[in-house]
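Here the sequence shown is numbered in UniProt numbering, starting from 1 and rising by one per residue. Glycine included, C-beta positions come from ideal geometry on N, C-alpha and C. In this text the structure is predicted, and so the values were computed from the model without any measurement. Accompanying notes for the structure given below.
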Amino acid sequence: MKNTAISTDINDHIVRKAQKEWQPLVEKGVHYKGISVISLHYDQLKERSTTILLKFEPGASYPYHNHPAGEEVYVLSGEATFENAVLSEGDYLYTPPNFKHAVTTTTGCTLLFVVPEEVEILV
Numbered sequence: 001m002k003n004t005a006i007s008t009d010i011n012d013h014i015v016r017k018a019q020k021e022w023q024p025l026v027e028k029g030v031h032y033k034g035i036s037v038i039s040l041h042y043d044q045l046k047e048r049s050t051t052i053l054l055k056f057e058p059g060a061s062y063p064y065h066n067h068p069a070g071e072e073v074y075v076l077s078g079e080a081t082f083e084n085a086v087l088s089e090g091d092y093l094y095t096p097p098n099f100k101h102a103v104t105t106t107t108g109c110t111l112l113f114v115v116p117e118e119v120e121i122l123v
């Protein structure tokens, strides 16, 4: 049985900039070239990160995929295209469950994602 006790010390729940470094995005053995990730919240019960930062280099893309439980995206810098909608710094996107799309960027961008369930690649 997994330990599900949650610490009541707020310091155990803070992610400091100096604690994390950008890592190449690799999912199920697939390396998404030009995309780096920082995990902000790792859900022990789901055994996966549910809140992440993604940094896309100019020209990078993430393939067409489904979000079984939806997602939330906030653009920290740059521009990203979700299907035919361009999001810029300060823009927020909520996608409902089972929303399908791809993500591309020509300029590069940094995005904050909240993804409750693992995505399903559809390509």
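With a threshold of 16 other CB atoms inside 10 Å of the CB of residue i, please say whether the residue is buried or exposed.
i           : result
residue 115 : buried
residue 62  : buried
residue 13  : exposed
residue 60  : buried
residue 25  : buried
residue 45  : exposed
residue 1   : Here the model assigns residue 1 a pLDDT of 47, short of 50, so the residue's position is not dependable, and the following value carries that caveat. Exposed: under 16 other Cβ atoms inside 10 Å.
If you follow the beta strand (DSSP E) that residue i is in, where does it begin and where does it stop?
i           : result
residue 100 : 99-104
residue 111 : 109-114
Please report the distance separating the alpha-carbon of residue i from that of residue j.
i          : j           : result
residue 36 : residue 29  : 15 Å
residue 96 : residue 5   : 31 Å
residue 68 : residue 121 : 11 Å
residue 16 : residue 99  : 32 Å
residue 89 : residue 8   : 34 Å
residue 64 : residue 103 : 8 Å
residue 21 : residue 47  : 20 Å
residue 76 : residue 91  : 8 Å
residue 84 : residue 101 : 9 Å
Please look up how many angstroms separate the CB atoms of residue i and residue j, rounded, as I've assumed it's under 8 Å.
i          : j           : result
residue 79 : residue 86  : 6 Å
residue 58 : residue 105 : 7 Å
Exercise for the section: Would you list, in sequence order, the uninterrupted alpha helix (DSSP H) runs of no fewer than 4 residues that lie entirely inside the segment 9-94? Expected result: Counting only runs of at least 4 residues, the segment 9-94 fully encloses no alpha helix (DSSP H) element at all.
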